[in-house]
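The numbering used here puts the first residue of the sequence shown at 8, with every later residue one more than the last. Glycine residues also receive a C-beta, built at the ideal position from the N, C-alpha and C atoms. All remarks here apply to the structure that follows.
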Amino acid sequence: MTTYLIGDIHGCFTELQALLAQVSFNPQCDRLWLTGDLVARGPDSLEVLRFLHSLGPAVRLVLGNHDLHLMAVYAGISRNKPKDRLNALLEAPDANELINWLRCQPMLQVDDELKLMMAHSGITPQWDIETAKICSREVETVLRSKSHPLFLDTMYGDMPNNWTPALSGLARLRFSTNALTRMRYCFPNGQLDMICKDSPGTAPAPLKPWFELPRLVDAGYTLIFGHWASLAGKGTPEGIIGLDTGCCWGGKLTMLRWEDRRYFTQPAKKAPTV
């Protein structure tokens, strides 16, 4: 069994198929890890979800902020933005099946044998592994419940932005969701900054990329994330790997074969979104 890890797909189905063809991916014996943001911005979100759904247990993914936004749009909570190019998916006859399947996917993946962790935007420096597991399970539980529309309606917002175990209710769920799907920068104490989207090196002081702060997560685990296309997969310390290389923006789709740490890329084949 071979383990392949791919960055944010964002509806780039053609590039996904070409990337998998490079390694003759076989869902019967290989495993595919995906950093989330499967949909939106790219042209073929419907085809991406149909394909991934068909792979069954061969896929291990985490949810990204665009995946959560799709759920909110489908539930009638948020506006369908033309730039997200979701109409074909939302109007498909199997939309309910696909989006409900997506809604039941994890926020965090941890493999103790491979010593791998994966979250869409990363793990806040204020969490250790056990806290990350607990908080991700709390979000997953409410997403899979009948009360998920209430959560989707209240997940938008930048506060609270500082972790404390005393957080509870919707405030705790919002913090966890932001930490797992939207985080880029933190203050030196680990507090989240949810405003700055600048490239590293251009952000105002005292902000630092979350991965530059001391982490509580066991250093024996490699942490995989996506979300931050402007990193272009570079600039992270040892043991932290960013795989979002901006395919939907005209960049490329990137895959890491875990067993030999070899990278494969597929350039964008279609014009970037605006």
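- Between Gly14 and Arg92, the C-beta spacing is not below 8 Å.
- Going by C-alpha positions, Thr261 is about 16 Å away from Ser128.
- Beta-bridge annotation (DSSP): Val117 is paired with Met124.
- Residue state for Val55 is assigned as helix, using DSSP reduced to three classes.
- The beta carbon of Leu174 sits closer than 7 Å to the beta carbons of Pro167, Phe182 from its chain, once the five residues preceding and following it are set aside; these are given in chain order.
- Arg264 is bridged by DSSP to Tyr11, Arg269.
- Distance from Arg57 to Leu105 at the Cβ level is roughly 7 Å; contact confirmed, criterion being Cβ atoms closer than 8 Å.
- For Val224, there is no enclosing beta strand (DSSP E), since its DSSP letter is neither H nor E.
- The bridge partners DSSP lists for Lys215 are Cys193.
- Per DSSP, Val66 is one residue of the beta strand (DSSP E) stretching across 66-68.
- Residue state for Gly63 is assigned as helix, using DSSP reduced to three classes.
- DSSP places Trp108 inside the alpha helix (DSSP H), whose first and last residues are 102-110.
- The C-alpha of Lys90 lies about 27 Å from the C-alpha of Ser61.
- The residues Met8, in chain order, have a CB closer than 7 Å to that of Cys36 in the same chain once the five nearest residues on each side in sequence are set aside.
- Closest option to Gly71, judged by alpha-carbon separation, among Met190, Pro195, Arg38: Met190.
- By the neighbour-count criterion, in which 16 or more other beta carbons inside 10 Å mark a residue as buried, Asn185 falls on the buried side.
- For Leu174, there is no enclosing beta strand (DSSP E), as DSSP gives it neither H nor E.
- Collapsing the DSSP output to three states places Leu45 in coil.
- In the DSSP secondary-structure assignment, Pro274 is bridged to Lys259.
- Two segments are said to touch when three or more pairs of C-beta atoms, one from each, lie closer than 8 Å; by this definition the stretch 195-208 touches the stretch 131-146.
- Counting the other Cβ atoms within 10 Å of the Cβ of Arg86 gives fewer than 16, which makes it exposed.
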